[in-house]
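> Let me begin by handing over the structure; questions about it come next.
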Amino acid sequence: MDKYPSMVERRLDLVQLLARRDALTIPEIEVELNTHRFAVVAALSHGWFERRSAGRNARYGLSERGREKVVQLDSECPPDAGTR
Numbered sequence: 076m077d078k079y080p081s082m083v084e085r086r087l088d089l090v091q092l093l094a095r096r097d098a099l100t101i102p103e104i105e106v107e108l109n110t111h112r113f114a115v116v117a118a119l120s121h122g123w124f125e126r127r128s129a130g131r132n133a134r135y136g137l138s139e140r141g142r143e144k145v146v147q148l149d150s151e152c153p154p155d156a157g158t159r
């Protein structure tokens, strides 16, 4: 079920997902990334992410460091770079 060969790749996709969708729950992230729950929890432990709400269905989003990472990724690969 897990398509990611490394945690780094999973975190980078998660950064891009949360940049597009703002805040999501762990089950929502699990479905969007087509990965398993434990991998999502491990990825969310990185400083790029923060918990936005409390409780069983807590939502997670990008931290300040995560938003900086989005800017860095966007500057490395412009959105229209792959459309040639």
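The sequence shown begins at 76 in this note's numbering and counts up one residue at a time. Cβ coordinates follow ideal geometry from the N, Cα and C atoms, glycine included.
1) Mind pulling the beta strand (DSSP E) runs of 3 or more residues that sit fully within the segment 120-156?
2) So, are the CB atoms of L89 and A118 less than 8 Å apart?
3) Output needed for Y135: all residues of its chain with C-beta closer than 8 Å, excluding positions within five of it in sequence on either side, in chain order.
4) Can you have a look at R140 and say buried or exposed, based on whether 16 or more other CB atoms are within 10 angstroms of its CB?
5) For A96 versus H121, is the C-beta distance shorter than 8 Å?
With the given structure in hand:
1) Taking only runs of at least 3 residues, the beta strand (DSSP E) segments lying wholly in the segment 120-156 are 124-126, 134-137.
2) Taking the sequence shown and counting its residues from 1, one reaches residue 89 at position 14. Taking the sequence shown and counting its residues from 1, one reaches residue 118 at position 43. Using a Cβ distance threshold of 8 Å, L89 and A118 count as a contacting pair.
3) One-based indexing of the sequence shown puts residue 135 at position 60. Closer than 8 Å at the Cβ level, and outside the excluded window around Y135, lie L93, A98, L99, T100, I101, I104, L119, F124, E125, R126, R127.
4) Locating residue 140 in the sequence shown gives position 65, where the first residue counts as 1. Exposed, because fewer than 16 other Cβ atoms sit within 10 Å of the Cβ of R140.
5) Here residue 96 refers to the residue found at position 21 when the sequence shown is read from its first residue. Here residue 121 refers to the residue found at position 46 when the sequence shown is read from its first residue. A small correction: the amino acid at residue 96 is Arg; Ala does not occupy that position in the sequence shown. Their beta carbons are not under 8 Å apart, which means R96 does not touch H121 by this criterion.
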